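Working notes, structure below.
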Amino acid sequence: MENLIALLVAAPLLGAAVLLCGGRRLDRAGHWIGTVLAAASFVIGAVLFTDMLGRGAEDRALHQHLYSWIPVEGFQADVAFQLDQLSMTFVLLITGVGTLIHIYSIGYMEHDERRRRFFGYLNLFLAAMLILVIADNYLLLYVGWEGVGLASYLLIGFWQHKPSAATAAKKAFLVNRVGDMGLSIAIMLMFTTFGTFAFGPVLEATGDTSEGKLTAIGLMLLLAACGKSAQVPLQSWLGDAMEGPTPVSALIHAATMVTAGVYLIVRSGAIFNGAPDAQLAVVVVGAVTLLFGAIVGCAKDDIKKALAGSTMSQIGYMILAAGLGPIGYVFAIMHLVTHGFFKAGLFLGAGSVMHGMNDEVDMRKYGGLRKFMPVTFLTFGLGYLAIIGFPGLSGFFSKDMIIEAAFAKGGTEGWILGSVTLLGAAITAFYMTRVMLLTFFGEKRWQPDAEGHEPHPHESPKSMTIPMIVLAFGSVFAGGFFSIGDRFVHWLEPVTGHDHGHAPVSATTVTAATMVVLVIGVAVAWVMYGRKPVPVVAPRGSLLTRAARRDLLQDDFNHVVLVRGGEHLTRSLVYVDHTLVDGVVNGTAASMGGLSGRLRKLQNGYARSYAVSMFGGAAVLIAATLLMRAV
Amino acid sequence: MSFPLLTATAALPAIGAIATAAVPAARRTAAKWLALTVSLATLVLAGIVFARFEPGGERYQLTESHAWIKDFGVRYELGVDGIGVALLALTALLIPFVILAGWHDADPSPSSQLRSSRGGPNETNPYHWRPTQGFFALILMVEAMVVLSFVATDVFLFYILFEAMLIPMYFLIGGFGDRAHAGSDENAAAQRSYAAVKFLLYNLAGGLIMLAAVIGLYVVAGSFSLSEIAEARADGSLDMATSTERWLFLGFFFAFAVKAPLWPLHTWLPNAMGEATTPVAVLITAVVDKVGTFAMLRFCLQLFPEASKWATPVIIVLALISIVYGALLAVGQRDIKRLIAYASISHFGFIVLGIFAMTSQGQSGATLYMVNHGLSTAALMLVAGFLITRRGSRLIADYGGVQKVAPVLAGTFLIGGLATLSLPGLAPFVSEFLVLVGVFSAYPVAGVVATVGIVLAALYVLVLYQRTMTGPVREGIGGMPDLKVRELAVALPLIALLIFLGVFPKPLTEVVNPAVQHTMQDVQKKDPQPEVEAAK
Amino acid sequence: MNPVNYLYLAALLFTIGASGVLIRRNAIVVFMCVELMLNACNLTLVAFSRMHGNLDGQIIAFFTMVVAAAEVVIGLAIIVSLFRSRHSASVDDASLMKL
């Protein structure tokens, strides 16, 4: 069975290679090749899953050692895979949602002449993401980690002729690189501390080292997670990443890649368990991002950017849960999976709307679309209900668990975190209701564009609606399915460990409180956007609204401090290199030239003056010889 | 006496160079094919050397030794160790690509043909200087010298080669400029001769100081033979005063630091790489400069271990400055080739850092880095050269939207760039990570500072890619042809190698590891133990 | 006679020759002064040979004479061709080999 693990990666990797090297010949079949190979990976994953279910909880993990990658004295890096329950969960999510999005893209990208390449990149992404989650050591994980970064770069900038897309792609890669720096320093620290960076030995040996070392490793891992999962302070790229085609936003920037940070923290649980300070940092980052993303999501008029804010916020929930330690690990992953369903569904819905609206993204120019796009409306609506945590739907279960776990942390910390998660739930309800109302309800607000084309909203083709329907099913039922009899907890417990904590308030109270804030959030949104017509041009808004539209001024800060500062620095360095470093050398050369210009005068061409110097030289030599003798 | 394989590997391109230079003026194409064939045959020989080299065997293999200048104990002594064999293979591998990429770079320009039709020296005149033949002959000559310098185990022989290399390089830089320049012909010629002279002066200055150190070494040790001196040092029969050792070390190191080049001795490189044709630029940075870093490993550490350890803190600081400074300057460049030159300075910083970290990982990483940097720079620079030839400009601002009209060119350029920024999966990642780990385990702060370099690398590569390849198609770019067969034959094998060595670097690490262990013994250093094991 | 006197004579001749080379401009005269210096040296060599009682000095004197003869041939040829091209035998006219 374990020999199948490599095939999980091999299938999409083959697809990427064939599609990207195949040239124009494959233009007509390219999308099918890509989709079939993604599906093949899913099938292999499913086979491995059924096999895994057949074994006892303790010996479910599979290992496959392919070859020794970098064999250097004292340094052992292997290409080896490990498939345990945690990895399995991700494999199914990635290949499952991935396949659906491949299918969706067939329709969505139909009119793009570079569709083949798009599928090649998508396959490349799947391969890298799978490497990330089934690697058995941190270095191989790093390969996947940067691999998904590359795929994300290529896909965000897929429409490279748009300068905004190219800039967004570059920004995403660079910000991620800052995070990657954290991961590579963490790996180096592991190497100097444990002499290895394979999961098994490192996580077992955490007890043998000091808390300081673990804290340092933990903080570096957190930096990595911040980059990949768009957490404060490295969140700025995610909003811009929406420049990419919508299926990309759904797969990479909502369902899978951005959750890699959560995977990293949960996978490194043993390190964080031994480093309470690092855990605290994780929790703080999660809490701050959860509010940050939610606030930004409230102010955006671009449907994809609003959803991106929401993604940030939801991942904030997961990071927060992961920072709670064994109380929260399982729920972080559970929310991750359910979020994968509903957020992918929401993005695909948004894509479907854009597809019917001539790629318009401004929600203020939608309105009343429920009549024109019934399937999209229905699936989007179910995703909406799931994300705000409507009782019985996926998000209800997973988010509720996190809120409970936050309270269960205990002490003042527990109260603060619990309140933040509750507040986040209220804001989530508000902004998602806003999106829903602006898009599907109210009067139609669209107008002809500059060239006089009026959009004719229409339902999308089957290839697009079917994935949306499947994901809607997931959004509705996944949470309930996982929660019945604590199935998900039992499934992951052998890997992550689980602890119930000691909740200061009962679960029922928490659920009731969640319901109350949910109703408040929805009601406020309805008062603001449902009751009266929405202006097509956004009002100026309060100071907070304007700041939130600009990502709470974080980008401006980056621009002024990093971009401008960096430009000045490089420009002055170029000047220094030219005048100072080079100048010293050129100065030496010039003074040499001056000296030789003077010496040149001695060479006047008169034989007798040369003879004088000869005689003079001879005289000096003789005098010197005599002098030496005398001494 | 077995067949002198190493001599043959070096002699073949040398003979090929003479033969190429002798091809009649009118038969330019024949000269090109001859040069290409010779370089491929050299590659085959180098392959045989690589295959015959046994990783676990003697330190120096395939040795040859003949008396040369008896009075001074100078011997013609060759031998190859794991580090030498890796670089030998790299050199032999890159030269065919350099020749292929420079296929048309030395064709007589239209203006010179015009001159010859006006009664100047023309092609029927046998004494007319034959630029095409000369170009390829010089490249082969450089190859011969570089190959020999990687296998020379006599200090004097190495010194001669180290210096003699400058002559063909000088003519390659000064004699064959990049046609894509800004400004008039005269201006370009002046720039070019400035660059060539600067190259020569810097390296001669380094070489002279090294000569003093070489003579000093002979006075102290009474021998030029690397193995003899190293043995005598190891068994204590040769006792150098601390100050003598330090002075000699500095003499050698200075020359290598100019060649490598290390901050603040770097300013010749951007000029030389900017003004030379791209194949020659690749020759400089990917092949010739490697002799500098290689010699640090072989001569500095092996002959002067104590002095090397004494100088380590300063050298590490200089290397760190090179890394960050080179990268920052690369970001600020407006000229594609100068950008790549500054990127190389940053990479040479990594190599030096790895060497002087004096850990197994650092040194293995540095050796792999030399090979991988050669491949990645060649890929990026040669594709950049194809691009520059098409547009006739080196300025980044003249480009934009290339990926729309020439997607294959843009794709290969991107892969070259990704290799330069050390993306995992491509070869440079392996070496860069090894260097970082090696440095970090010995000097954590230096390791962290060097890590900043990976962010900056992403910055200059992606900015370059964005400005040249993406966005709307700019004026003068429309209708640009995509890569042709000859150009693909250059780009694709390099990319394949980058991927192969990134996924499976074992063939290289296998030969490099034992050599690195020898060096570690020379400097009597042990790897720092991991904390957990040390505690047990 | 005291052989030291020969040395005084040789020194005198050498000085005359040297000052001639330095002061005169006519190539022929300069040339003759050079010869004078050479012969002064010969005289010294022979005188020393006599004083030390071995033949080394005399042998070297022969060599000097041979070299001087060769020099005369080349030197005169140069002077003649110089005179032909410039119609002057002044060495100062041939001061072209400078930057």
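Protein sequence lines correspond, in order, to chains G, U and D.
The first sequence begins at 9 in our numbering and counts up one residue at a time.
The second sequence begins at 1009 in our numbering and counts up one residue at a time.
The third sequence begins at 3 in our numbering and counts up one residue at a time.
Note that CB positions come from ideal geometry on N, CA and C, so glycine has one too.
Fair warning: this is a prediction, and the values are worked out from it, not measured in the lab.
Grab the span of the alpha helix (DSSP H) containing residue i for me, first residue to last.
{"i": "H73 of chain G", "result": "Segment L70 to V80 is the beta strand (DSSP E) holding H73 of chain G; no alpha helix (DSSP H) there."}
{"i": "G282 of chain G", "result": "No alpha helix (DSSP H) holds G282 of chain G; DSSP gives it neither H nor E."}
{"i": "L1516 of chain U", "result": "K1514 to D1530"}
{"i": "Q93 of chain G", "result": "Q93 to Y116"}
{"i": "A620 of chain G", "result": "According to the sequence as given, residue 620 of chain G is Val; it is not Ala. That run of the alpha helix (DSSP H) goes A615 to A638."}
{"i": "Y439 of chain G", "result": "G419 to F448"}
{"i": "C29 of chain G", "result": "L12 to C29"}
{"i": "R1066 of chain U", "result": "Before going on, a small fix: residue 1066 of chain U reads as Glu here, not Arg. It is not in any alpha helix (DSSP H) - E1066 of chain U carries neither H nor E in the DSSP assignment."}
{"i": "N642 of chain G", "result": "This structure cannot speak to residue 642 of chain G, because chain G is shown only from 9 to 639."}
{"i": "M1488 of chain U", "result": "From DSSP, M1488 of chain U is part of no alpha helix (DSSP H); its letter is neither H nor E."}
{"i": "E1440 of chain U", "result": "A1435 to A1450"}
{"i": "W153 of chain G", "result": "Y146 to I164"}
{"i": "V530 of chain G", "result": "A515 to A533"}
{"i": "C35 of chain D", "result": "A29 to H54"}
{"i": "I335 of chain G", "result": "First-last for I335 of chain G: undefined, no H or E at that position."}
{"i": "Y10 of chain D", "result": "V6 to I25"}
{"i": "F1261 of chain U", "result": "T1250 to K1267"}
Nearest to residue i by alpha carbon, out of the options?
{"i": "A1392 of chain U", "options": "U:V1498, U:G1055, U:A1465 and U:L1309", "result": "U:V1498"}
{"i": "I1168 of chain U", "options": "U:I1223, U:Q1141 and U:L1361", "result": "U:I1223"}
{"i": "G1065 of chain U", "options": "U:S1073, U:A1418, U:D1089 and U:L1044", "result": "U:D1089"}
{"i": "G1370 of chain U", "options": "U:V1410, U:H1381 and U:F1358", "result": "U:F1358"}
{"i": "Y1451 of chain U", "options": "U:I1323, U:S1354, U:T1428 and U:L1502", "result": "U:I1323"}
{"i": "A2 of chain G", "options": "G:V44, G:Q287 and G:A352", "result": "The shown model of chain G, from 9 to 639, leaves out residue 2 of chain G, and the question about it has no answer."}
{"i": "P20 of chain G", "options": "G:E467, G:G574, G:A136 and G:G157", "result": "G:A136"}
{"i": "I1353 of chain U", "options": "U:F1179, U:A1365 and U:T1301", "result": "U:T1301"}
{"i": "I52 of chain G", "options": "G:Q239, G:N184 and G:L15", "result": "G:L15"}
{"i": "A180 of chain G", "options": "G:P541, G:I193, G:A159 and G:G190", "result": "G:A159"}
{"i": "M320 of chain G", "options": "G:L386, G:F388, G:T436 and G:L425", "result": "G:T436"}
{"i": "A597 of chain G", "options": "U:S1201, U:Y1210 and U:D1247", "result": "U:Y1210"}
{"i": "G152 of chain G", "options": "G:H169, G:T175, G:G165 and G:L191", "result": "G:L191"}
{"i": "L1108 of chain U", "options": "U:S1047, U:F1421 and U:A1160", "result": "U:S1047"}
{"i": "E451 of chain G", "options": "G:S483, G:L425 and G:P541", "result": "G:P541"}
In terms of residues, what are the limits of the beta strand (DSSP E) holding residue i?
{"i": "I1077 of chain U", "result": "Q1069 to I1077"}
{"i": "R1083 of chain U", "result": "V1082 to V1088"}
Which term fits residue i, buried or exposed, when burial requires 16 or more other beta carbons within 10 angstroms of its beta carbon?
{"i": "K1534 of chain U", "result": "exposed"}
{"i": "W40 of chain G", "result": "exposed"}
{"i": "S1125 of chain U", "result": "Confidence at S1125 of chain U is low in this model, with a pLDDT of 42, below 50, so the placement of that residue should be treated as unreliable; the coordinate-derived value is given next. Looking at its Cβ environment, which holds fewer than 16 other Cβ atoms inside 10 Å, S1125 of chain U is exposed."}
{"i": "P253 of chain G", "result": "buried"}
{"i": "Y646 of chain G", "result": "Since the first and last residues shown for chain G are 9 and 639, residue 646 of chain G lies out of range."}
{"i": "Q611 of chain G", "result": "exposed"}
{"i": "L1305 of chain U", "result": "buried"}
{"i": "Y129 of chain G", "result": "buried"}
{"i": "L1020 of chain U", "result": "buried"}
{"i": "Q1532 of chain U", "result": "exposed"}
{"i": "S1120 of chain U", "result": "Reliability of the predicted coordinates at S1120 of chain U is poor, the pLDDT of 48 falling under 50, and the value obtained from them is presented with this limitation in mind. Exposed."}
{"i": "A1220 of chain U", "result": "exposed"}
Can residue i be considered in contact with the ligand NAD, in the sense that its beta carbon sits closer than 8 Å to one or more heavy atoms?
{"i": "L1328 of chain U", "result": "Absent from the structure shown: the ligand NAD. Ligands present: none."}
Within the segment 221-270 of chain G, ranges of the alpha helix (DSSP H) (whole runs, at least 4 residues): When DSSP assignments are scanned along the segment 221-270 of chain G, the uninterrupted stretches of alpha helix (DSSP H) that are 4 or more residues long and fall wholly within it turn out to be 244-248 and 254-258.
Contiguous alpha helix (DSSP H) assignments of at least 4 residues, all confined to the segment 1143-1184 of chain U: Segments of the alpha helix (DSSP H) lying fully in the segment 1143-1184 of chain U: 1163-1172 and 1174-1183.
At least three beta-carbon pairs within less than 8 Å, the segment 188-197 of chain G to the segment 217-225 of chain G: Yes, since at least three Cβ pairs between the segment 188-197 of chain G and the segment 217-225 of chain G fall closer than 8 Å, the two stretches touch.
contact_flag[the segment 321-337 of chain G, the segment 74-93 of chain G] where n(CB pairs < 8 Å) is 3 or more: No, they do not touch.
Cβ contact (3+ pairs, closer than 8 Å) linking the segment 1152-1165 of chain U and the segment 1094-1104 of chain U: The segment 1152-1165 of chain U, when compared against the segment 1094-1104 of chain U, does touch it at the 8 Å Cβ threshold.
Sufficient close CB pairs (3 or more, under 8 Å) joining the segment 173-187 of chain G to the segment 234-242 of chain G: Yes, the segment 173-187 of chain G is in contact with the segment 234-242 of chain G.
Inter-stretch contact at 8 Å, needing at least 3 Cβ pairs: the segment 89-105 of chain G / the segment 70-79 of chain G: Yes: at least three Cβ pairs fall under 8 Å.
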